[in-house]
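Chains V and B are the protein sequences, given in the same order.
So for the first sequence, numbering that gives the first Met the number 0 puts the first residue at 0; every next one is plus one.
So for the second sequence, numbering that gives the first Met the number 0 puts the first residue at 0; every next one is plus one.
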Amino acid sequence: MGMTNSASEPTALIRAQGLTKVFGARSAVDGIDFEVRDGEFFGFLGPNGAGKTTTMRMIAGVSPRSAGTLEIFDMDPDLHGSEIRGQIGVVHQQETLDMELTVLENLLVFGRFFGMDRASIATRAAELLELFQLSDRAKDQVEPLSGGMKRRLSIARSLIASPRILMLDEPTTGLDPQARHLLWDALQRLKRGGTTIVLTTHYMDEAEQLCDRLVVMDQAKIVAEGSPRQLIVEHASREVLELRFPNGTESIDTKVLEGIGDRYERLAERVIVGCENGEAAHARALEHGLDPESWLVRRSSLEDVFLRLTGRTLDE
Amino acid sequence: MTAASSVAPNRTRSRLAAIREAAPHPTRWRHVVGYMVTVYRREWQGSVFSGFIEPLVVLAGLGIGLGVLVGDKAAEITGGVSYVAYIAPALMVSSAMNLATSEAAWPILARVAWVRIYHAMVATPLNAADVMVGAITFIVGKVAFAAAFFAGVLLVTGIATSPTGALGMIAVSVLTAFAFGAPMAAFSVTQKSDQGFAFLFRLIITPLGFFSGTYFPIENLPFAAQVLSWFTPLAHGVALSRSMALGTPVTYVWFHVGALLLWGIVGTVVAIYLFRKRMLK
């Protein structure tokens, strides 16, 4: 395979151009372009139904594309699916473990699907159980394990054949905060070990914490691309003033809102104002006669980027 | 080389690659069998009764109980052998049918729709065809074990007269398992819940057990029902198995074997097609 890249241009493991997936009359993914480079932590951020999972399925070689080009390790998944899948670990949104088997058996069986011999599977399985803090549960059945443990086992299983790319679809959905942080730590360790990681998420903090680079998807299209910091600088102001109006924001005069900061978004019970200086903006709001029940000033986050780009919050 | 001349072989090559991607791999499917064996080692106690003991209970109950009732009249319909010897080889294939269909029902649906491990499996080097071929092979293998046990009992009790005949019966059970397991797998991979199974078992599988020559000769049925029977696999399995057990010559051997193989092969191809459709959206 062609590895003739200069040092300034790291190898792209995944390359998509005009990638499209159509279900009947509906476009789930509508002509998106992106590249995932060797060793990076890459994210697809967007609300449910934005096309993230479909994109992941196309990369994983389990969903034939409708149009566009897609290359993984310089190969077309339609023609070399099996070979590509052999070097990708996939963690699905819903658990796909065998609940009747033990933790260890789930790993052993899976290694065989990748054509590994039993001895190397056993060695690797022991390593992974250690890494994901499951060693003491190796002989236990999967069914009664907690959600966090099952998710860690799913990730361990996907890593059995030491894939070059690990793909995670909404990995922390449904986990409690502690389990979530445990998982984040494990993923960051993997990344440091050189694994390229691609994840989808609708959690802004997750994307901000983990991703080197991400694309924001909305309604089957990519609406922005960059590092979390870049996106915030490009699409949001330095600070954000949030004003709360429990009785609704419809009656507030647009002219007043325009005068407070650089830009604003009017939500049902909140007004979010992008500005250079939150304190000063708050003072201007009071001068204009606004009387919010409460207010706060914070640094801009990816959430504001998303709001700015789509006019919606992610939970809507 | 001009552009025009290089395009054609490329297109052929990529078409071949696409076919190779979709077709079963010569050996990869055995890992699916290996997986099912691991599962079976955990939960074999659950299926020992239905697979191994139940057919013997039915044979004892019907063969001895009904045999007394049928009495001397048995010879008229069986051509001179005892009633238990008449129904034993048929029960063996009908229990092969029962085991194959139930193994191709819930265990496959569960892996598609409930525990969803098939979704993880097609994301490995295995493809959908490997998974189906492996799943069907495991079912056929499991039936072979149960059939061997049953045949062993028939030999020991003297119901089966020759070891060759017993081996032949096992082969027929394996064919019958293939003929039922593969089409059943094709049905299961399309289902969202197990409600369709109740319908299928009550309306098709259970009646087949009665009207395929198991307990009385198929010639006793009205002509239309006879014709219908030969369109289903069980009647072919029963005819072959009985002749193996009793050492009587069977007419149209290849017609029976061919019918069973056809059901199995067409069932497998359809199962692969439908499973791909379900998994690769």
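Glycine residues also receive a C-beta, built at the ideal position from the N, C-alpha and C atoms.
Since this is a predicted model, take the numbers as computed values, not measurements.
For a contact meaning CB atoms closer than 7 Å, what does residue i contact in chain V?
i: residue 61 of chain B; result: The contacting residues do not exist; residue 61 of chain B stays about 34 Å from chain V at best.
i: residue 164 of chain B; result: Chain V residues near residue 164 of chain B: none, gap ~38 Å exceeds 7 Å.
i: residue 107 of chain B; result: None at all; the shortest Cβ gap to chain V is about 14 Å.
i: residue 41 of chain B; result: 99 and 100
i: residue 121 of chain B; result: 61
Does residue i pass the burial test, meaning 16 or more other C-beta atoms within 10 Å, or should it be called exposed?
i: residue 96 of chain V; result: buried
i: residue 254 of chain B; result: exposed
i: residue 184 of chain V; result: exposed
i: residue 56 of chain V; result: buried
i: residue 91 of chain V; result: buried
i: residue 188 of chain B; result: buried
i: residue 88 of chain V; result: buried
i: residue 185 of chain B; result: buried
i: residue 150 of chain V; result: buried
i: residue 70 of chain B; result: exposed
i: residue 202 of chain B; result: exposed
i: residue 168 of chain V; result: buried
i: residue 180 of chain V; result: exposed
i: residue 295 of chain V; result: exposed
i: residue 105 of chain B; result: exposed
Against chain B, with Cβ distances strictly below 9 Å, would residue i count as a contact?
i: residue 5 of chain V; result: At residue 5 of chain V, the pLDDT of 48 sits below 50, so the modelled position is not reliable and the matter cannot be decided from this model.
i: residue 170 of chain V; result: no
i: residue 93 of chain V; result: yes
i: residue 121 of chain V; result: no
i: residue 75 of chain V; result: yes
i: residue 87 of chain V; result: yes
i: residue 96 of chain V; result: yes
i: residue 79 of chain V; result: yes
i: residue 321 of chain V; result: Nothing can be reported for residue 321 of chain V, as the shown portion of chain V is limited to 0 through 315.
i: residue 156 of chain V; result: yes
i: residue 152 of chain V; result: no
i: residue 108 of chain V; result: yes
i: residue 56 of chain V; result: yes
Can you pull the chain V neighbours of residue i, defined as C-beta to C-beta under 9 Å?
i: residue 80 of chain B; result: Residues of chain V passing the Cβ test: none, with the nearest at roughly 44 Å.
i: residue 278 of chain B; result: 61
i: residue 23 of chain B; result: Simply none; closest approach about 11 Å.
i: residue 16 of chain B; result: 75, 77, 78 and 79
Run through chain B and tell me which residues come within less than 8 Å of residue i, C-beta to C-beta.
i: residue 264 of chain V; result: In chain order: nothing, as chain B lies at least about 36 Å away.
Measuring only between beta-carbons, confirm whether residue i sits less than 9 Å from chain V.
i: residue 50 of chain B; result: no
i: residue 27 of chain B; result: yes
i: residue 34 of chain B; result: yes
i: residue 11 of chain B; result: no
i: residue 136 of chain B; result: no
i: residue 271 of chain B; result: no
i: residue 20 of chain B; result: yes
i: residue 219 of chain B; result: no
i: residue 47 of chain B; result: no
i: residue 131 of chain B; result: no
i: residue 255 of chain B; result: no
i: residue 169 of chain B; result: no
i: residue 188 of chain B; result: no
Can you tell which of the options has its C-alpha closest to the C-alpha of residue i?
i: residue 121 of chain V; options: V:140, V:155 and V:92; result: V:155
i: residue 167 of chain B; options: B:261, B:210, B:252 and B:43; result: B:252
i: residue 128 of chain V; options: V:146, V:152, V:29 and V:9; result: V:152
i: residue 302 of chain V; options: V:11, V:60, V:62 and V:241; result: V:241
i: residue 164 of chain V; options: V:106, V:59, V:100 and V:222; result: V:59
i: residue 97 of chain B; options: B:279, B:141 and B:190; result: B:141
i: residue 17 of chain V; options: V:10, V:27 and V:23; result: V:27
Would you mind telling me which residues of chain V sit closer than 8 Å to residue i, beta carbon to beta carbon, in chain order?
i: residue 191 of chain B; result: Per Cβ cutoff of 8 Å: no residues; residue 191 of chain B is ~15 Å from chain V at best.
i: residue 207 of chain B; result: In chain order: nothing, as chain V lies at least about 30 Å away.
i: residue 275 of chain B; result: Neighbours of residue 275 of chain B on chain V: none; closest Cβ ~10 Å, over 8 Å.
Along chain B, in chain order, which residues have C-beta atoms closer than 7 Å to that of residue i?
i: residue 104 of chain V; result: 37
i: residue 21 of chain V; result: In chain order: nothing, as chain B lies at least about 11 Å away.
i: residue 114 of chain V; result: 124
Would residue i count as contacting chain A if we go by Cβ distances under 9 Å?
i: residue 125 of chain B; result: Note that chain A does not occur in the displayed structure, where the protein chains are V and B.
Going along chain B in order, which residues have a C-beta closer than 9 Å to the C-beta of residue i?
i: residue 84 of chain V; result: 121, 122, 123, 124, 125 and 126
Note to self: Under 8 Å, with one C-beta from each stretch per pair, do the region 19 to 37 of chain B and the region 98 to 112 of chain V reach the 3-pair mark?
What the structure shows: In short, these stretches touch, since the Cβ pair count reaches three.
Notebook entry, point to check: Between the region 12 to 22 of chain B and the region 71 to 78 of chain V, do three or more beta carbon pairs fall short of 8 Å?
Noted result: Enough Cβ pairs lie closer than 8 Å, so yes.
Checklist line | Any 3 or more C-beta pairs closer than 8 Å across the region 108 to 124 of chain B and the region 215 to 231 of chain B | finding: These segments do not touch.
Checklist line | Any 3 or more C-beta pairs closer than 8 Å across the region 270 to 286 of chain V and the region 194 to 204 of chain V | finding: Taking a contact to require three or more Cβ pairs closer than 8 Å, the region 270 to 286 of chain V and the region 194 to 204 of chain V do not qualify as touching.
Item checked: Cβ contact check for the region 229 to 237 of chain V and the region 297 to 311 of chain V: 3 or more pairs under 8 Å -> Contact annotation: the region 229 to 237 of chain V touches the region 297 to 311 of chain V, with at least three C-beta pairs closer than 8 Å.
Margin query: Count Cβ pairs between the region 48 to 58 of chain V and the region 84 to 104 of chain B that sit closer than 8 Å; are there 3 or more?
Written below: Note that the region 48 to 58 of chain V does not touch the region 84 to 104 of chain B; fewer than 3 beta-carbon pairs, one per stretch, sit closer than 8 Å.
Check: With contact counted as at least three CB pairs below 8 Å, one residue from each stretch, are the region 128 to 140 of chain B and the region 267 to 276 of chain B in contact?
Finding: Cβ pair count under 8 Å is three or more, so yes.
Notebook entry, point to check: Taking three-plus beta-carbon pairs below 8 Å as touching, is the region 60 to 71 of chain V in contact with the region 132 to 147 of chain V?
Noted result: Judged by pairs of C-beta atoms under 8 Å, the region 60 to 71 of chain V does not touch the region 132 to 147 of chain V, as fewer than three such pairs exist.
Item checked: Validate contact between the region 206 to 226 of chain V and the region 27 to 47 of chain V using beta carbons, cut 8 Å, 3 pairs -> Judged by Cβ distances under 8 Å, the region 206 to 226 of chain V makes contact with the region 27 to 47 of chain V, as three or more pairs qualify.
Check: Counting pairs of beta carbons, one from the region 58 to 72 of chain B and one from the region 162 to 180 of chain B, are three or more of them closer than 8 Å?
Finding: Judged by Cβ distances under 8 Å, the region 58 to 72 of chain B makes no contact with the region 162 to 180 of chain B, as fewer than three pairs qualify.
Note to self: Below 8 Å, how does it come out for the region 174 to 184 of chain B and the region 135 to 155 of chain B: are there three or more Cβ pairs, yes or no?
What the structure shows: The region 174 to 184 of chain B, when compared against the region 135 to 155 of chain B, does touch it at the 8 Å Cβ threshold.
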